[in-house]
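Here the sequence shown stands for residues -22 to -1, 1 to 980, where the numbers follow mature numbering (1 follows the signal peptide of the UniProt record, and there is no 0). By construction, the Cβ of each residue, glycine as well, lies at the ideal position given by its N, Cα and C atoms. It should be emphasised that the depicted structure is a prediction, and the values quoted were computed from it without experimental measurement.
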Amino acid sequence: MKSEIFLFLNIAFSVFIGLVIGTSSGGDGRTTLCIEREREALLKFKQGLIDNYGILSSWGREEEKEECCGWKGVQCSNITGHVVVLDIHAPSYSQHLRGNITPSLLELQHLKHLDLSYNNFGTSRIPNFIGSFPRLEYLFLEYANLSGEIPHALGKLTHLQILDLSLNSRLVVKNLEWLPRLVFLLDLDLSGVHIETVNWLQQIIKSPSLEQLNLEHCNVPEPIISISHLSSNVSSRLLSSLNLADTGLSSSAFRWLFNLSTRFTSIDLSSNHLAGRIPEAFGYMQHLEFIDLATNILEGGLPKSFGNLSHLRALDLSTNNLNQPLPELFLSLSGKAEKSLEELHLSNNHFSGSLPDITRFSSLKSLYLQENQLNGSFLESYGQTSKIEFLDLSLNQITGPLPNLTAFSALRELHLNNNQFKGRLPQSIGRLSKLEMLRVESNFMEGPITESHLSNLSSLRVLDLSYNSFSFQLGLNWLPPFELDVIGLSHCKMGPHFPQWLRTQKSYSHLDISFAGISGVAPNWFWDLSPEMMHFSISNNQISGEVPDLSSKFVKETNYPTMDFSSNNFSGLVPSFSSNLESLNLSKNKFVGSISFLCKIANALFRTIDLSNNLLSGELHNCLMGFEELAILNLANNNLYGKIPSSIGSLSDIQSLQLRNNNFTGDLPTSLKNCGILQILDVGGNKLSGEIPLWIGSHLTFLVVLSLRLNKFNGSIPQNLCHLNKIHILDLSQNSLSGEIPRCLNNITSLLQNNNSSTPSILFELGGDSHNGYSYFEEYLGDALVQWKSSESVYNKTLGLLKIIDFSNNELAGNVPEEIAQLDGVLSLNLSRNNLTGNVIQGIGKMEKLESLDLSGNQFTGRIPTSLAQLHFLSVLDLSSNNLSGKIPSSTQLQSFDPSSYEGNNELCGPPLAECPEDRNTQSLSADHSKINNLDEDDKILSFGFYVCVASGFILGFWGVIFTLALKQSFRDAYFQKLTNFANWIFVTIIMSLHRLKMMWS
C-alpha cells in the first residue's frame, strides 16, 4: 500500500512540475527575467568551460544581459522566476564543451532538470555538491568523461526520478547504500560504469519505485543474496525493464532473476556467458514483451512455455548454439505468442530443416534467420497474407526454386543471398511494390530478368543479383521506376552493349557490373558518375577506349570510394582522379605514361593501389609518403625503373608490396624495415643488387611471401631469415648468392606440418561501409609469382596453401644441412643449379608432404637415399646432372618418373634407367648356377637308374647261375668241365705269347 501511495504522490508531483516548466517560457509571449544571483552563477559556470563551438554564445550577450531565462538550455519558472532547467547536452558523442562543473551552480536551488551529457569534463569527479539540489528530479551526466567513485551525496536527491550516469567508463560504484533513499527513482542507468560491490542487487531491490534498470557493459560481480530474501522483498516488484547485457553473467543468474520481479516487460541478457538450455521459467512471465538472449552459449531449442506469452512482441536468440529443427521452434511459439510476436531474431545458430508456414504468425513483421543450417526448400504456397516486412534467410543451404511470393506483399527487405536456390526468379517478385531491398546474390539461379520483374518496384533501393546466371532482357528504351542506391549485377549477362537503363541512375553509392560481358567503348553518359559513389567496379569486361578526367567526380568529403577498372582493354594515359579515393585498381589494362599522377591524389586514407600489368614507365616518386595508411601497393609487370625510393619506408601500414618484373636497380632501401606488418614483399624480376639485408629477418617478421628471385643479389643467405616464422614462400632463386645454406631453417615454424597457420588464401580485409542497410567490405587477394612443379605461375586464391623454398640458380656450395628434413610441411623444395656437394640428405623421407623436389645441376654424390621412396605425394622429381651413383631405390613412385629425372648421373642405374652391372652379373651367375643345378639333377637321375640296372643284372646273372648249379648235378659237371677247359686255354695262350715276345727281343 505504501508503494502505491508513493507512486501516486510521485505522479502528482511530476504533473505539477511539468505545468510549472511548461509555463516557464510564458504562454502569453512575455519573457521572464531571471534572478540576478542565478544569472551570475550561470556566467561563473560558463567561465569554467571551454566553448570552442559557441554553444553558449547567447549567455551574457549585451542585448540579453538580464534575460538569462532566454539563454540556450536555460528555462525559468514563470511563477517564481527561478531557473528550473539547465540542459546544455551536446549532440551524441561530440563532446562540444570542456572544463569543470563549478560550485557556482549551487545558487540554482530550484533546479529540477540538469543535463550535462555528451560534454567533456576532463575525467574530473562528480562533485559532492551535486547532492545539494533538493528539488532535482532529472539528472543526466551521460558520456561526460567523468571518473572516480560515484558520491554517496546522490542519496540526498530525494525527489530524483531519472538518474543517468551511463557511458562514463572511469566511474566506479563501490557501494549503492545511497540508492534506496531515492524513493521516487523510476529509471537508473549505470551502463558502462564499473560496479565493484557484490551487494549491488541487494540495494537495488530496496529501491521502492524503481521501474527501469540499465547495467549494460558493467561487468557486475556475482551478487550475494538468498532466494528467500528476494521472495520476501516486495520493493522490487515494480521493476519492469532490466538490461544486464554484457555484464559477465553466467547461468547461475537464472537462480535470482526469476525471483527479482513479477512485472518484467523487458529483459536484456545478451552478450553474456549463459549456457545450457533456455529455462522454461521465461514462459511464465506473463507481462514479457521483449526478451533478448543473443550472443550467449545457449543450446538445444525453445521451451514450449514461450507459446504462453500473450504479450511477447520481440524475441532475440541470435548468435547462440541452438540446434532445434526450425519447424519445432515455430511449434513452440504457437499459441498466444503466435498472435502477438512482431520480431524474431534467430540468426547465427544451428537451426535446420525447412521454413514452415510463417504466415500464421499474424503480427510477425521481422524474421531474421541468416547464418544457420537451413537445408530444406520454400513451401509452394502459403495459407494467408503475411505482414512480414523484413525477411532474411541469407547464408544457409536452402535449395529448390523460389515460389510465388505474392503472400508477402508487405515485404520491404528480402535477403536470400548465399544459399543454393535454383531456377528462375519468379515473376511474382514484380508484385512486391513495397520492396526496398532485394538480395539474391551467390546462388545457382538462372534465366532472364525482364521488365515484368522490375517495372512495379518503385521503392527499390538495393538490387543485388550478383553471382548467378541471370541474363538481362530489357528494352533499349525501358525506363526503371526506381532510383537505386546499390546496383550489384556482377556475373549477370548484360552485354555486349552498355545497358541504357543505367543512364537513369544518378545517386547510387555502389555499382558492380563486373564479369557482365560488356564490350566496346563506354558511352560518355556512363562517366557522369554519382557524387554519392562508395564502390565502383566494371572489372573483367572487354571495355575499351580511354577513361576521361574524373577529378571532379565523387568529391564529397565524407566519401572515400573504391574504384576497380581492372581486366579490361582501356588504353591511353592514366586519367586524373579526385584525391579522396580509398582504393584504385587499374590492373590488367593497357595504360601508358608515368605514375606521377599518384602525387596528385595522395591522401592519408588511401588503402589500395593496383596498377600492375600495364605499360607504365618512369620512376617512383617520394610523394608515396603521402599515402600514410596505404595497405596494398602493386606495380608489378610494368616498365618502371630507377631506385626504389626511401620514402617507401614511410608506408608503415603497408601489408603487400609487389614490384616484380620491372627494371628497378640498386639496393633494397633500409627504410623498408619500418614496414613492420608487411606480409608480401615481391621484388622479383628486377635488377636489384647488393646483399640480402639482415633487417628483413629481424624487422619484417610478419612476412608470408618473400620473393627476391631473378635479381642480382650476392653474398650469403642471412641467418636472420630463419626468424621469419610466418613465411610460406621463400624464393631467392636466380641470383648470385654464395656460401652455404643456413642450418637454422628448421626454426621456421610455419613450414612445419603440424603448424595450422595455413589459410586458403592470403586475403586482406580493408574495411568497408554500411549504407542504407547494405554492408560492403573491400577485399584484396594477395598474389605472387612462384615456380611450382616446373612451371611459373601467379597464384592468389591458393597462395596461402603453398609452402615453398626455392634457392635455385645461385652459387650456393657445401652440403645441404640435414635440418631441412625437419621442414615436413614444405610442398616444394628447389635447390637446383648450384654448387652443392655431399650426399642427398638421408632424412628426406621425413618431408612427407613434398610434392616437388629439384636437386638437379649440382655435385651431389653417393646413393639416392632409400627414404626418398617414402614420399607418396611426390609428383615432380629432378635429380639430373649430379654425380649420384648406385641403384635407384625401388618403389612404385620412383620408377614411374621419366628417365630424364635421373640423367647426367653416369654411375646411377636401375629402373627407369639401364640395369646396374652387378644386376647383370648376378643374373649370369644365376643362370650358370641354374644349369649346373639342372645337370646335377640329371646326374642324380642317371646314377640312380644305373645302380638299379647293375643290381638287377647282378641278381639275375650271378644268383641265377648259382641257383641252377645248386639244383642239377649234370649242369654242375658240364659247367665246371667248361670252366676247366677255359682256364687251360687261357694258360696255354699266355705261355705261347710270352715265348714269342722272348724270341722277338732276342
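Which residues bound the beta strand (DSSP E) around R417?
-> M415 to R417
Host alpha helix (DSSP H) of L179 (start-end) | W178 to I182
Of the residues L319, Q405, P379 and N395, the one placed nearest S364, counting alpha carbons only | Per the Cα distances, L319.
Unbroken stretches of the alpha helix (DSSP H), 4 residues or longer, contained in the segment 303 to 379 | Segments of the alpha helix (DSSP H) lying fully in the segment 303 to 379: 304 to 311 and 315 to 318.
Count the other C-beta atoms from every protein chain shown that fall within 10 angstroms of the C-beta of L(-4), then say buried if there are 16 or more, exposed otherwise.
-> Residue placement at L(-4) cannot be trusted, given a pLDDT of 40 that sits under 50; the coordinates are not used to answer.
Just the Cα atoms here: how many angstroms apart are S341 and L304?
-> 19 Å
Proximity below 8 Å, CB of K531 to CB of S554 | In this structure, S554 does not lie closer than 8 Å to K531 by Cβ.
Ignore the nearest five residues each way along the sequence and tell me which others in F308's own chain have a CB closer than 6 Å to its CB.
-> P334
CB of V804 within 8 Å of CB of I783, strictly = Yes, the Cβ-Cβ distance between V804 and I783 is below 8 Å.
Start and end of the beta strand (DSSP E) containing C887?
-> E885 to C887
Taking Q25 as part of the beta strand (DSSP E), name the residues at either end of that continuous run.
-> Unbroken run through Q25 is the alpha helix (DSSP H), E14 to Q25; no beta strand (DSSP E).
Is N299 buried or exposed, if buried means 16 or more other CB atoms sit within 10 Å of its CB?
-> exposed
Member of Q800, N787 and L801 whose CA lies at the smallest distance from the CA of residue 983 = In the structure as shown, the chain begins at -22 and stops at 980. Residue 983 is therefore absent and cannot be evaluated.
Short Cβ contact (8 Å threshold) for S248 with L220 = no
Among residues of its own chain, excluding the 5 on either side of F924, which ones have a beta-carbon nearer than 8 Å to its beta-carbon?
-> Per-residue confidence for F924 stands at a pLDDT of 45, beneath the threshold of 50, marking its modelled position as unreliable; the derived number appears in the next sentence. Leaving aside the five residues that flank F924 on each side, none in its chain has a CB nearer than 8 Å to its CB.
Thinking C-beta only, is I626 closer than 8 Å to S649?
-> yes
For I57, the nearest candidate out of E16, L11 and R481 (CA to CA) = Minimum Cα-Cα distance from I57 among the listed residues E16, L11 and R481 corresponds to L11.
Could you name the residues of the same chain whose beta carbon sits closer than 7 Å to that of L852, not counting the 5 residues immediately before and after it, in chain order?
-> L828, E829, L831 and Q871
Which stretch, first to last residue, makes up the beta strand (DSSP E) that contains R585?
-> Premise fails: R585 is in no beta strand (DSSP E) and is neither H nor E.
Proximal residues to K317 (C-beta, below 7 Å), its chain only, five neighbours per side dropped = S340 and S341
Leaving out five residues before and five after L583 in sequence, what residues of the same chain have Cβ atoms less than 7 Å from its Cβ?
-> Y538, E560 and E607
Selection from K90, Y96 and K865 that minimises the alpha carbon distance to R841 = K865
Considering only residues of the same chain and omitting the five flanking positions on each side of N808, which have a CB-CB separation below 6 Å?
-> Correct list, in chain order: D784, S786 and D832.
Closest Cα partner of K282 within the set Q302, T273, W673 and D645 | Q302
Nearest-angstrom Cβ-Cβ length linking F162 and L138, presumed shorter than 8 Å | 7 Å
DSSP beta-bridge partners of G261 | In DSSP, G261 forms no bridge with anything.
Cα separation between S72 and N123?
-> 12 Å
Could you give the DSSP three-state label for T101: helix, strand or coil?
-> Here T101 sits in coil by DSSP.
Taking Cβ positions, are S325 and S344 nearer each other than 8 Å?
-> no
Using only alpha-carbon positions, find the residue among E718, D294, Q405 and T844 that is nearest to N793.
-> E718
Buried or exposed: which applies to F691, given that a residue is buried once 16 or more other Cβ atoms fall within 10 Å of its Cβ?
-> buried
Could you tell me the distance, in whole angstroms, from the CA atom of S82 to the CA atom of L89?
-> 13 Å
Within 10 angstroms of the Cβ of Y346, are there 16 or more other Cβ atoms? Answer buried if so, exposed if not.
-> It is buried - the Cβ of Y346 has at least 16 other Cβ atoms within 10 Å.
For H130, collect the residues of the same chain with a Cβ closer than 6 Å to its Cβ; drop the 5 residues on either side in sequence, then sort them by chain order.
-> W156
Rounded to the nearest angstrom, how far is the Cβ of S879 from that of L846, given a contact under 8 Å?
-> Actually they do not touch by this definition, with Cβ atoms about 12 Å apart.
Can you list, in chain order, the stretches of the alpha helix (DSSP H) that have 4 or more residues and sit fully within the segment 801 to 869?
-> Whole alpha helix (DSSP H) segments, 4+ residues: zero.
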